[in-house]
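Enquirer:
Residue numbers (my numbering), protein chains in the order written: chain U, 5 to 307; chain V, 4 to 156.
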């Protein structure tokens, strides 16, 4: 991983994932360490994403690094018409690593080809967000004690949701059984089912959430967004069918945990928050440790 | 009609390459992809010639020009049936077919309007994941561009 960019979850191997999770567990025990002292990291957020940016900046600060950058394109020279090419070439002279969020898909891969310093993709449009996937893996491992042989339920927008696609790719290395629960319009795309078939992993599809999660180890919720529906009437009909409520958790497995990449809108009722099976807020905490691990492994820092 | 008679429809060349069986409507794209406008030797183009296989075909004869496989394969997307005849001393000494390469650079537009290649000055780049059906995965945005939605740049 040394000096390697992390653009897509497939850039790293299964061994890399495990190494990152292992290192992240070390940071969970001791998060504040002076590993990055005297080093500068650029966080370039061409579109706002407060949660992701703060998580990265907290990760960098806790290991003693300095952060430079911007939090949306309005406060950068992009508004003056600077190309991504120029921005990356310039910032490469100022920092040891670039963390970048950009609305255009493929922008992070492109940026990584323009500079000698490593780039971490913090989201490129609807394409990839690999650090989210790694923190999802960490949360799954931490709550289940393992990553292998789990029943993974994915709920909501499975068609456009990049987090479920990347998580599926990563978990396909760990013999997961998948359950896809979504409205017809937002079903898991064929290409992912073909992938699962090709490696012999089982998946089940359903339109019903209620009563269907009894054998789940992980329920991964996503937002069903209105703009994804071609027919607004369909949206009105389906929007409440994919809302998780506390009473639905009755009779589920003891070890079951509910994850969500956040932000949530209404797809997890607030009455779930108090249930010990709700894990989405701890999940964000894990994000800091995982990002500390990724940064320190890429920069070759020993904790 | 023999092979030799066919070539005589345009004009014979002593040494060089004949690219035959180009779909007529792709002829000028082939010219552009192979950057033939930069070649100084003698070139003859024919188009809308009658072809049993293609209906109407184009043909290009290049005097003194020989292509490397990797260069000529760039036309495979738009002229999959193209055949090359390598000519030495007025005779065909070798025949070649084109083959879709594993990677396609700078020929096809990415179908994804949100792809960075459609916004910044970047040459497009695709990994060919299915040669038969012609499915290309964008190196940048990772989305698929398939034959029916393909735009040649």
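Built from N, CA and C at the ideal position, the CB exists for glycine as well.
Considering only their Cβ atoms, is the gap separating residue 46 of chain U from residue 112 of chain U smaller than 8 Å?
Expert: Taking 8 Å as the Cβ cut-off, residue 112 of chain U and residue 46 of chain U do not qualify as a contacting pair.
Enquirer: Pick out whichever of U:255, U:114 and U:141 has its Cα sitting closest to the Cα of residue 3 of chain V.
Expert: One cannot answer for residue 3 of chain V here, as it falls past the ends of chain V, which runs 4 to 156.
Enquirer: Cα separation between residue 143 of chain U and residue 261 of chain U?
Expert: Approximately 9 Å between the Cα atoms of the pair.
Enquirer: In whole angstroms, what separates the C-alpha of residue 146 of chain V from that of residue 15 of chain V?
Expert: Their Cα atoms are separated by approximately 45 Å.
Enquirer: Output needed in chain order: residues of the region 108-129 of chain U with a Cβ under 7 Å from some Cβ in chain V.
Expert: Here the close residues are 108, 109, 110, 111, 113, 114 and 129.
Enquirer: Tell me whether residue 94 of chain V is buried or exposed, calling it buried when 16 or more other Cβ atoms sit within 10 Å of its Cβ.
Expert: Per the 10 Å Cβ criterion, exposed.
Enquirer: Kindly say whether residue 51 of chain V, judged by its beta-carbon, lies nearer than 8 Å to any beta-carbon of chain U.
Expert: Chain U contact via Cβ: absent.
Enquirer: Taking only beta-carbon positions, decide if residue 317 of chain U is within less than 8 Å of chain V.
Expert: Examination of residue 317 of chain U is not possible in this model, given that chain U is present from 5 through 307 alone.
Enquirer: Taking residue 2 of chain U as the reference, give the member of U:203, U:283, U:131 and U:159 with the closest Cα.
Expert: This structure cannot speak to residue 2 of chain U, because chain U is shown only from 5 to 307.
Enquirer: Starting from residue 29 of chain V, follow its DSSP beta bridges and name the residues at the other end.
Expert: DSSP output for residue 29 of chain V lists no bridge partner at all.
Enquirer: Just confirm the distance between the C-beta atoms of residue 139 of chain U and residue 42 of chain U, as a whole number of angstroms; I'd bet it's less than 8 Å.
Expert: With 8 Å as the limit, residue 139 of chain U and residue 42 of chain U do not qualify as a contact, their Cβ atoms being about 27 Å apart.
Enquirer: When you check each C-beta in the region 120-139 of chain V against every C-beta of chain U, which residues fall closer than 9 Å?
Expert: Cβ contacts with chain U: 120, 121, 122, 123, 124 and 125.
Enquirer: Using 8 Å as the Cβ pair cut-off and three pairs as the minimum, do the region 71-79 of chain U and the region 18-34 of chain V touch?
Expert: Segments in contact, no.
Enquirer: So, does the CB of residue 201 of chain U fall closer than 8 Å to a CB anywhere in chain V?
Expert: It does not: the Cβ of residue 201 of chain U has no partner Cβ on chain V nearer than 8 Å.
Enquirer: Which residues does DSSP pair with residue 224 of chain U in a beta bridge?
Expert: Bridge partners of residue 224 of chain U: U:158 and U:263.
Enquirer: In the region 68-93 of chain U, which residues sit with their C-beta less than 7 Å from some C-beta in chain V, listed in chain order?
Expert: The residues in question are 87, 88 and 89.
Enquirer: In whole angstroms, what separates the C-alpha of residue 106 of chain U from that of residue 136 of chain U?
Expert: Going by the C-alpha atoms only, they are around 15 Å apart.
Enquirer: Could you name the residues of the region 88-108 of chain V whose beta carbon sits closer than 8 Å to any beta carbon of chain U, in the order they occur along the chain?
Expert: Within the region 88-108 of chain V, no residue qualifies.
Enquirer: Return the residue from the list U:101, U:220 and U:288 that minimises the CA-CA distance to residue 264 of chain U.
Expert: Per the Cα distances, U:288.
Enquirer: My guess is that residue 44 of chain V and residue 65 of chain V are in contact by the Cβ rule of under 8 Å, so how many angstroms apart are they, rounded?
Expert: Confirmed, Cβ separation roughly 7 Å.
Enquirer: According to DSSP, what are the bridge partners of residue 133 of chain V?
Expert: Per DSSP, V:138.
Enquirer: Taking only the alpha-carbon atoms, compute the straight-line gap between residue 17 of chain V and residue 38 of chain V and give it to the nearest angstrom.
Expert: Taking the straight line from one Cα to the other gives about 22 Å.
Enquirer: Give the range of the beta strand (DSSP E) segment to which residue 63 of chain V is assigned.
Expert: Segment 58-66, the beta strand (DSSP E) holding residue 63 of chain V.
Enquirer: So, helix, strand or coil for residue 16 of chain U, using DSSP?
Expert: Residue 16 of chain U falls in the coil class under three-state DSSP.
Enquirer: Within this structure, are the beta carbons of residue 299 of chain U and residue 63 of chain U separated by less than 8 Å?
Expert: Yes, the pair counts as a contact, with Cβ atoms nearer than the cut-off.
Enquirer: Can you check which of these residues, V:87, V:83 and V:100, is closest to residue 136 of chain V by C-alpha distance?
Expert: Among V:87, V:83 and V:100, the Cα nearest to that of residue 136 of chain V is on V:83.
Enquirer: What is the DSSP secondary structure of residue 104 of chain U, reduced to helix, strand or coil?
Expert: Strand, per DSSP.
Enquirer: Taking 8 Å as the CB-CB limit, is residue 142 of chain V close to chain U?
Expert: Chain U contact via Cβ: present.
Enquirer: Quick one: which chain V residues come within Cβ less than 7 Å of residue 131 of chain U?
Expert: What residue 131 of chain U touches in chain V: 144 and 145.
Enquirer: Using only alpha-carbon positions, find the residue among V:132, V:106, V:42 and V:70 that is nearest to residue 99 of chain V.
Expert: Residue 99 of chain V has its Cα closest to that of V:70, out of V:132, V:106, V:42 and V:70.
Enquirer: Quick one: Cα of residue 125 of chain V to Cα of residue 119 of chain V, how far?
Expert: Cα to Cα, the separation comes out at about 8 Å.
Enquirer: With DSSP run on the structure shown, which of helix, strand or coil describes residue 181 of chain U?
Expert: The answer is strand: DSSP assigns residue 181 of chain U an E or B state.
Enquirer: Return the residues of the region 8-25 of chain U that lie within a Cβ-Cβ distance of less than 8 Å from chain V, sorted by chain order.
Expert: Within the region 8-25 of chain U, the qualifying residues are 12.
Enquirer: Identify the continuous beta strand (DSSP E) that holds residue 207 of chain U and give its terminal residues.
Expert: Residue 207 of chain U -> beta strand (DSSP E) spans 207-210.
Enquirer: Taking 8 Å as the threshold (beta carbon to beta carbon), is residue 76 of chain V in contact with chain U?
Expert: With 8 Å as the cut-off, residue 76 of chain V does not count as an interface residue toward chain U.
Enquirer: Residue 110 of chain V to residue 42 of chain V, Cα distance in whole Å?
Expert: Distance between the alpha carbons of residue 110 of chain V and residue 42 of chain V is about 19 Å.
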